[in-house]
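Visitor: Residue numbers (the numbering used here): 168 to 424. Just so it is clear, CB atoms sit at the ideal spot from N, CA and C, and this is done for glycine as well.
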Amino acid sequence: MGVQDALAAVLTCEAESALLREDPARLQYRYGLSDAELAMLSGAAPAGYRVTYDGVRGKLRVAVAACLPGTVAELLGGHRALWEEFARGVVRRPQPVERPFGMGESELLTAWLETHAPPGPAAYARYELARAALVHDRDAALAARAVAAGAGPGDRPPAGALRLSPAARAGTYTHDVTAGPPIGGLPAVRTRVLLQRRWRTPAVRAYRIGDGTAMLLDGCDGTRDAGQVVAAVGGDRARAARTLAELARAGLVWPSP
């Protein structure tokens with residue numbers, strides 16, 4: 168605890184703001200403030216806190232929108248009360264310089280929506296966060312550049328154990344997140360999605376995939392070769408082998424290091 172925590176509390180919680188006005192000694196004890204720190208907080212006019220609070224919320228919106236533009240637009244357009252509730256409880260903290268702008272705040276919002284928002288917007292936030300993380304992943308960018316330069320695994324699954332490319336991510340969602348935005352009408356159907364980082368525009372491409380393809384990708388865990396992956400899926404092995412070859416051709420399946 169310290170002055171930053173006390174300021175965050177005063178800015179986001181009316182009860183703590185009232186405590187500063189009515190019982191500052193209690194606030195000082197709660198946050199371990201020095202007399203000088205308490206005097207600094209007490210000396211600010213209420214209007215100053217209002218301006219600071221509005222500025223903090225505005226910067227929070229800009230930060231989250233950098234990673235979750237569709238989610239922020241949906242919340243502000245159709246679920247503003249949810250956004251206001253989230254914003255009231257969050258004050259942006261300094262992030263490590265190596266982290267992408269807005270990623271920390273976007274992670275907070277995504278986790279918060281899982282328990283506070285309807286399933287559609289919550290699923291879409293998780294999808295957008297995965298896309299943003301993939302865009303900023305250095306290994307994914309290097310793998311995408313290698314594929315674009317023709318240095319990928321080639322037209323068939325490589326020999327040895329297979330793994331998912333560093334430029335790919337697979338996820339399962341409660342809604343068809345590839346149908347939006349807008350998010351309000353996303354079909355409520357379980358959807359498997361494969362994301363691929365690309366060395367061109369758009370930087371990330373999303374593919375809806377069936378359970379068979381998803382099982383092939385899950386099988387590329389770095390411990391099995393192509394034959395073992397196909398055998399584990401079962402069913403039509405020739406078709407599974409062709410799909411695996413297509414995944415390799417697209418640079419989505421790589422040899423395990």
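(1) When you compare only the Cα positions, how much space is there between Thr282 and Gly402?
(2) Below 8 Å on the Cβ atoms is my guess for Gly287 versus Leu235; work out the distance and round it to an integer in Å.
(3) Per DSSP, Thr376 is paired with what?
(4) Could you tell me if Gly225 is buried or exposed, where buried requires 16 or more neighbouring beta carbons within 10 angstroms of its beta carbon?
(5) Measuring straight from C-alpha to C-alpha, what distance separates Thr345 and Ala373?
(6) For Pro422, which beta-bridge partners are listed by DSSP?
(7) Spell out the partners DSSP gives Asp304 in its beta bridges.
(8) Give the secondary structure of Thr345 by DSSP, where H, G and I count as helix, E and B as strand, and everything else as coil.
(9) Leaving out five residues before and five after Leu362 in sequence, what residues of the same chain have Cβ atoms less than 7 Å from its Cβ?
(10) Is the beta carbon of Val314 less than 9 Å from the beta carbon of Glu272?
(11) Out of Ala381, Thr390, Ala173, Leu227, point me to the one whose CA is closest to Ala206's CA.
(12) Whose C-alpha, out of Glu183, Arg188, Ala203, Ala417, is nearest the C-alpha of Arg197?
(13) Terminal residues of the continuous alpha helix (DSSP H) containing Ala248?
(14) Find out if the Cβ-Cβ distance for the pair Gly389, Val400 is shorter than 9 Å.
(15) Is Cys387 helix, strand or coil when you go by DSSP?
(16) Mapping the DSSP letters down to three states, classify Thr368 as helix, strand or coil.
(17) For Arg367, tell me which candidate among Ile376, Leu309, Glu413 has the shortest Cα-Cα distance.
(18) Is it right to say Phe268 is buried, meaning 16 or more other beta carbons lie within 10 angstroms of its own, or is it exposed?
(19) Where does Arg266 fall in DSSP's three states?
(20) Taking Cβ positions, are Val360 and Ile376 nearer each other than 9 Å?
(21) Please report how far the alpha carbon of Ala326 lies from the alpha carbon of Pro422, in whole angstroms.
(22) Spatial neighbours of Gln195 within its chain, please: CB distance less than 7 Å, with the 5 preceding and 5 following residues excluded, ordered by chain position.
(23) Taking just the CA atoms, how far does Arg193 sit from Leu187?
(24) So, is Arg406 buried or exposed, given that buried needs 16 or more other C-beta atoms within 10 angstroms?
(25) In the DSSP assignment, find the unbroken alpha helix (DSSP H) run with Gly394 in it and report its ends.
Guide: Straight from the coordinates:
(1) 38 Å
(2) Contact flag wrong, Cβ pair sits at about 14 Å.
(3) Correcting the residue type first, residue 376 is Ile in the shown sequence and not Thr. Beta-bridge pairing links Ile376 to Arg359.
(4) exposed
(5) 7 Å
(6) Leu329
(7) Asp304 pairs with nothing; no bridge assigned.
(8) helix
(9) Ala297, Arg298, Leu301, Ala335, Arg336, Val371, Ala373
(10) no
(11) Ala173
(12) Glu183
(13) 247 to 255
(14) no
(15) coil
(16) coil
(17) Leu309
(18) exposed
(19) coil
(20) yes
(21) 7 Å
(22) Leu205
(23) 8 Å
(24) exposed
(25) 393 to 400
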